[in-house]
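Step one of this worksheet: look at the structure below.
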Amino acid sequence: MAKVCTYSRVGNLPSPDDKSWFVYVLLCEDGSFYKGMTNDLYHRFYVHYIGEGANHTKTHRPVKVIHWEQFDTQDEARKREEELKTGYCRTWLQHQWDIAKGDLPAPKCQLRMAGKMVESELGEIPEGWKCNELQELVTVKRGGSPRPIQDFLVKEGLPWVKISDATATSSPFLMSTKEFIKEEGLSKTVYLKKGSLILSNSATPGLPKFLELDACIHDGWLYFPKISVITQNYMYLLFLHLKKHIVQQGSGSVFTNLKTDILKEQLLPVATTEIIKSFDSLIDSYFNKIRNNTNEIQTLTQLRDTLLPKLMSGELRVTK
994 MAKVCTYSRV GNLPSPDDKS WFVYVLLCED GSFYKGMTND LYHRFYVHYI GEGANHTKTH
1054 RPVKVIHWEQ FDTQDEARKR EEELKTGYCR TWLQHQWDIA KGDLPAPKCQ LRMAGKMVES
1114 ELGEIPEGWK CNELQELVTV KRGGSPRPIQ DFLVKEGLPW VKISDATATS SPFLMSTKEF
1174 IKEEGLSKTV YLKKGSLILS NSATPGLPKF LELDACIHDG WLYFPKISVI TQNYMYLLFL
1234 HLKKHIVQQG SGSVFTNLKT DILKEQLLPV ATTEIIKSFD SLIDSYFNKI RNNTNEIQTL
1294 TQLRDTLLPK LMSGELRVTK
């Protein structure tokens, strides 16, 4: 058994104590997983490895134990084993294993317990999570437009956010606008501060953007003046995830428009406050990096657009 149960395969798994039961996950040579239950992790791995375990491991040789959990009773372990075999937990397991990179055996592989699952209006969700309508978490409002808009457009003034400004970049951040309006139009529009999250409501609906400038939005945009429990980062990623679903419920013969009421009534799985804070802290660094990269791209693009015509016309020359 010692030749089979090496550290690279089993690490320092807990020894049998005649009391505890364990749920375990094996990584197999073809990348598949096997989940099982035992009161002796070492013996069970050995049996699987030599081809005398489950039917799956007889044809898919196990590589190592990548996850285990300890329980006081066999019934608790059996229930947890069943949970790990659900569709949600299979997806969770694959995701966590991808994060862990597969470099280490179970005791140090960074896999985290998925936790107990409970039934909800949206199906199974982790225990402690809730299902809320979006309007219970945020206030949804629509922008506005002075009309006729041509009478308020100027060469220099307040940035005027159009859908085409948003679709022109794949970045989450909107850095500039092509059009501007005069201050006289402020009473008929919505003026938002830099950092605000907006969501397109028409033409190309369901597109979220963070404003990287103070700007005015027309009624083709939705905005969220009050947010509780969840965060703007969470909402941005949530809208991307839900885009296809909410657009399918839109209306319009030529252009699809989001129905504000349907968006407000959209049912969401909401994690605990601790998880949301932890998630936001993690994801914020990624958004900051994307923001900095977007700023740099814009600066380099402006420099290119300024210099290239001058170089082509001969106004500027490159010297060795």
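Sequential numbering of the sequence shown, starting at 994, is according to the working numbering. Beta carbons are placed, not taken as given, at the ideal position from N, Cα and C, and that holds for glycine.
What's the gap between the Cα of Cys998 and the Cα of Phe1038?
-> For the purposes of this step, residue 998 is taken as residue 5 along the sequence shown, with counting starting at 1. For the purposes of this step, residue 1038 is taken as residue 45 along the sequence shown, with counting starting at 1. In a straight line, the C-alpha of Cys998 is about 7 Å away from that of Phe1038.
Could you give the uninterrupted runs of the alpha helix (DSSP H) lying entirely in the stretch 1022 to 1090, keeping only those of 4 residues or more?
-> 1034 to 1042, 1048 to 1052, 1067 to 1077
When the distance is taken between beta carbons, is Ile1269 closer than 8 Å to Tyr1227?
-> For the purposes of this step, residue 1227 is taken as the residue at position 234 of the sequence shown. For the purposes of this step, residue 1269 is taken as the residue at position 276 of the sequence shown. Yes. Within cutoff.
Which residues mark the beginning and the end of the beta strand (DSSP E) in which Leu1215 is found?
-> Against the sequence shown, residue 1215 aligns to sequence position 222. Counting along the chain, the beta strand (DSSP E) containing Leu1215 begins and ends at 1214 to 1216.
4 or more residues per run - each alpha helix (DSSP H) lying fully within the stretch 1166 to 1251 = List check, alpha helix (DSSP H) in window: 1225 to 1241.
What's the gap between the Cα of Val1133 and the Cα of Lys1072?
-> To locate residue 1133, count along the sequence shown from 1; it is residue 140. To locate residue 1072, count along the sequence shown from 1; it is residue 79. For Val1133 and Lys1072, the distance between alpha carbons rounds to 41 Å.
Note down the Cα distance separating Phe1166 from Asp1068, rounded to an integer number of angstroms.
-> On the sequence shown, residue 1166 is found 173 positions in, with the first residue counted as 1. On the sequence shown, residue 1068 is found 75 positions in, with the first residue counted as 1. Rounded to the nearest angstrom, the two C-alpha atoms are 51 Å apart.
Measure how close the beta-carbons of Leu1115 and Gln1259 come, nearest whole angstrom, since I'm counting them as under 8 Å.
-> Residue mapping note: residue 1115 aligns to position 122 of the sequence shown, counting from 1. Residue mapping note: residue 1259 aligns to position 266 of the sequence shown, counting from 1. Actually they do not touch by this definition, with Cβ atoms about 11 Å apart.
Would you kindly report the start and end of the unbroken beta strand (DSSP E) that includes Asn1125?
-> Here the question's residue 1125 lines up with position 132 in the sequence shown. Element bounds for Asn1125: 1123 to 1126.
DSSP-derived helix/strand/coil call for Ser1113 = Position 120 of the sequence shown, counted from the first residue, corresponds to residue 1113. Correct three-state label for Ser1113: strand.
How far does the alpha helix (DSSP H) with Pro1302 in it reach, from first residue to last?
-> By 1-based counting over the sequence shown, the position of residue 1302 is 309. 1266 to 1306 is the extent of the alpha helix (DSSP H) around Pro1302.
State the DSSP-derived secondary structure class of Val1133, mapped to helix, strand or coil.
-> One-based indexing of the sequence shown puts residue 1133 at position 140. Reduced to three states, the DSSP call for Val1133 is coil.
Under a Cβ-count criterion, where at least 16 other Cβ atoms within 10 Å of its own Cβ denotes burial, should Lys1303 be classed as buried or exposed?
-> For this step, residue 1303 is matched to residue 310 along the sequence shown. Per the 10 Å Cβ criterion, exposed.
Pairing CB atoms from the stretch 1168 to 1182 with CB atoms from the stretch 1144 to 1152, are three or more of them under 8 Å?
-> yes
Just reading off the alpha helix (DSSP H) that Val1003 is part of, what are its end residues?
-> Along the sequence shown, one-based indexing puts residue 1003 at 10. Val1003 -> alpha helix (DSSP H) spans 1000 to 1003.
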